[in-house]
Structures are given as C-alpha cells and as structure tokens.
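If you're matching positions, the sequence shown starts at 2 in the numbering used here and goes up one per residue.
C-beta atoms are modelled at their ideal positions from N, C-alpha and C, and glycine is treated no differently.
Note that this is a predicted model, so its numbers are computed, not measured.
Worksheet: one structure, shown below.
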Amino acid sequence: MTGAARLDDAADLRAEVAGREWYHTLELAPGVITPGWFDLRAVAAKVPLPASLAGMRCLDVGTFDGFWAFEMERRGAAEVVAVDVNDPRAWDWPPGSDPQVVAALAARKREGAGFALAHRALGSRVRLVERSVYELDPAELGRFDLVYLGSLLLHLRDPVLALDRVRRVCAGRLLLVDTVEATLSLMFPRRPVARLDGAGRPWWWQANVAGLVRMVEAAGFRVLTGPRLIRFRRGPGQPIPRPTRALATSRTARRDLAVALLGDPHAAILAAPA
2 MTGAARLDDA ADLRAEVAGR EWYHTLELAP GVITPGWFDL RAVAAKVPLP ASLAGMRCLD
62 VGTFDGFWAF EMERRGAAEV VAVDVNDPRA WDWPPGSDPQ VVAALAARKR EGAGFALAHR
122 ALGSRVRLVE RSVYELDPAE LGRFDLVYLG SLLLHLRDPV LALDRVRRVC AGRLLLVDTV
182 EATLSLMFPR RPVARLDGAG RPWWWQANVA GLVRMVEAAG FRVLTGPRLI RFRRGPGQPI
242 PRPTRALATS RTARRDLAVA LLGDPHAAIL AAPA
C-alpha cells in the first residue's frame, strides 16, 4: 500500500467517525479517535482486568461501541463474544416515556453502527450476538472464563435477575463495573440502599456501593476483590451542561453537571459464582 493510499484510507475513516455519535472513545487507527461520551482508556488500567487473557473465553455484556470487548481481545483473549440489544425500543423503558427520548437514543445507537465500524477498522475477530442480558443461555453461548458487565444495571428494571443470568454463563470470574449513587454511598456506607428512578428514561435502580455488592451476592456470586471506586471521565463527545434554573430544582440536572465535571462514579467488583 502506498503512502497516499494510507492517507486516503485515514481520511475516509475520519469522515465515517465524524458522521455518527459515539458512546465510547476508541482509537481506531493512529490519530483517529472516536469522540465518545466517555473516555475509558485510563479506566482500563484501574479495573482488576488481567493484563493477559491468553487462552481465555470472554464475554462483554452490553457492549455498545465495543470498548471492553476490543480491550479483552487486545489483551490476548482466545475468543471474545459481545452481546447487546441494538434497538433501544427493546430496552427497559418505563411506561409513558417520551418518544423523543427514545428516538434520541436510537439515533446514537444506530443499530450498532459504531461497533460495526470499529470492528472493521480494528480488524477485530470479536463475535457480536444481539441478545438481552436476560436471555443469556449457556446452551446457546456456552460458558465463559471472564464476563465483563459494565454500566448496565442502572438501566435495567431487574438488575438481580440480570446478574443471575450472567452467573449461568460464568464459569470463572465476573468483572462488574457499574454506576453507584455517591450521596447514598456517603450516607449509608454499610447499609444496602438504592434510589428508584423509573421515570421517562431507562434509569432504574441507583444503588449505593453496599447496594451494588448486595445485588451481586443476591444473584449467587461471592465477592473476591473490591468494591473499588472509579470515575468514568467525560469524553470529547459529552458536553458540559450549561447552568440553568433547572439546577436549583432538578436533582437530575445537578447530577448531570457533576458527572460532566467530575466523572461518573462507578464501583468495580471482581466476583465468582458462589
């Protein structure tokens, strides 16, 4: 391939990247970086994910643009399967949700177009299966040495059921990295509590750190390490909300501003089927 051809390829890839919204920040080629809502590249070094996954069969649940699936592949996994529900209309929406909100998330998801583009650009061998976490079946997918489940439980009506389904396909370790409610974690450091949202968007149980641990245990796992607090930093595609009157009256608006400025609080837990 000539140098001119490589430059043309890079320009075409940049144009494709710029033509869509991204959830994950991914480096698809030298100097070609997707403007993700979150940039998890520094987080990957902080979670208890082995540096080498050689010989391991891995599963990424709720892959979206595929950051963690591609990261596990990069670390030498023998096989990586990624599952997701590409049509946002099939997500756990509360009754009466605004169709415009559904449409906005559908526009961002674009039937998994971001994953497909990244998969092609990276020359990946990750296998994508369109499947809900509630539908994970060892008879179909087999069992996995490592399951990554990230930033998903918040969006599920029944997070404990989802964790139970994950346990059925987990033969080794579960790495859970999910949102925690910072205020409740400070108020109740040992007592499992959660705030129920379920109004207008697929945000359901916002648990404190102790609540997230209890969900894991209630689903039949035992905690091996953690919880370790981590913040998901804003990526280049996430704007900083402008100060408005809503900040004085809306807990959601205040949280969104705090997340954009400080990062989204998460806890990382490494667990195994009990």
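Across which residues does DSSP place W23 in a beta bridge pair? Paired residues: G37.
Environment of I241 [buried if 16+ CB atoms lie within 10 Å]: Per the 10 Å Cβ criterion, exposed.
What span of residues does the beta strand (DSSP E) with A269 cover, start to end? Counting along the chain, the beta strand (DSSP E) containing A269 begins and ends at D265 to P274.
If we count Cβ pairs, one from each stretch, closer than 8 Å, do we get three or more for the stretch 131-149 versus the stretch 227-238? Too few Cβ pairs lie closer than 8 Å, so no.
Residues that D85 bridges to, as DSSP identifies them: E131, per the DSSP bridge assignment.
Which same chain residues, not among the five before or five after L137, have their C-beta less than 6 Å away from its C-beta? So the list reads R166 and V170, once near-sequence residues are dropped.
Closer than 8 Å by C-beta to A5: which residues in its own chain qualify, once you throw out the five before and the five after it? Chain order, please. Because A5 sits at a pLDDT of 39, beneath the cut-off of 50, its placement in the model cannot be relied upon, and the following sentence gives the value as read from the coordinates. Once the five neighbours on either side are set aside, A5 has no close Cβ partner at all.
Alpha carbon to alpha carbon, how far is A12 from R168? Give it in angstroms, no decimals. Roughly 43 Å between the two C-alpha positions.
On the DSSP letters alone, give me the boundaries of the beta strand (DSSP E) that G151 sits inside. In this chain, the beta strand (DSSP E) harbouring G151 covers F145 to G151.
Measure the C-alpha to C-alpha separation of M73 and D10 and round it to an integer number of angstroms. One Cα belongs to M73, the other to D10, and the distance between them is close to 26 Å.
Under 6 Å Cβ to Cβ from A16, same chain only, skipping five residues before and after it: list those, please. Cβ within range, chain order: n/a, list empty.
Where T222 falls: helix, strand or coil (DSSP): The amino acid at residue 222 is misidentified as Thr; the sequence shows Phe. DSSP places F222 in strand when its eight states are reduced to three.
Between the stretch 26-34 and the stretch 212-219, do three or more beta carbon pairs fall short of 8 Å? With a cut-off of 8 Å, the stretch 212-219 and the stretch 26-34 do not count as touching, because too few Cβ pairs lie within range.
Any idea if M57 is buried or exposed, counting beta-carbon neighbours within 10 angstroms, 16 or more meaning buried? That one is buried.
Run of the beta strand (DSSP E) containing A30, from where it starts to where it stops: Segment E28 to A30, the beta strand (DSSP E) holding A30.
Within 10 angstroms of the Cβ of A55, are there 16 or more other Cβ atoms? Answer buried if so, exposed if not. By the neighbour-count rule (16 or more Cβ atoms within 10 Å), A55 is not buried but exposed.
Quick one: is V161 near chain C, going by C-beta distance under 8 Å? Any reference to chain C falls outside this structure, which holds one protein chain only.
Quick one: measure Cβ to Cβ for W94 and P203, integer angstroms, because I've assumed they're closer than 8 Å. Cβ atoms of W94 and P203 come within 8 Å of each other, at about 5 Å.
Could you check if P139 is buried or exposed, using at least 16 other CB atoms within 10 Å of its CB as the buried criterion? Exposed: under 16 other Cβ atoms inside 10 Å.
Starting from W206, trace the beta strand (DSSP E) in both directions and tell me its first and last residue. Per DSSP, W206 belongs to the beta strand (DSSP E) from W206 to A208.
L113 - DSSP class collapsed to helix/strand/coil: Leu is not the amino acid found at residue 113; the sequence shown has Gly there. Looking at G113 - three-state DSSP - the assignment turns out to be helix.
What are the partner residues of V62, as DSSP defines its beta bridges? Residue pairing from DSSP places V62 in a beta bridge opposite V84 and L150.
What does a CB cutoff of less than 8 Å around A200 pick up in its chain, not counting 5 residues either side in sequence? Here the set comprises P95.
Does the distance from the C-beta atom of V178 to that of V48 stay below 8 Å? In contact: V178 and V48 (Cβ atoms closer than 8 Å).
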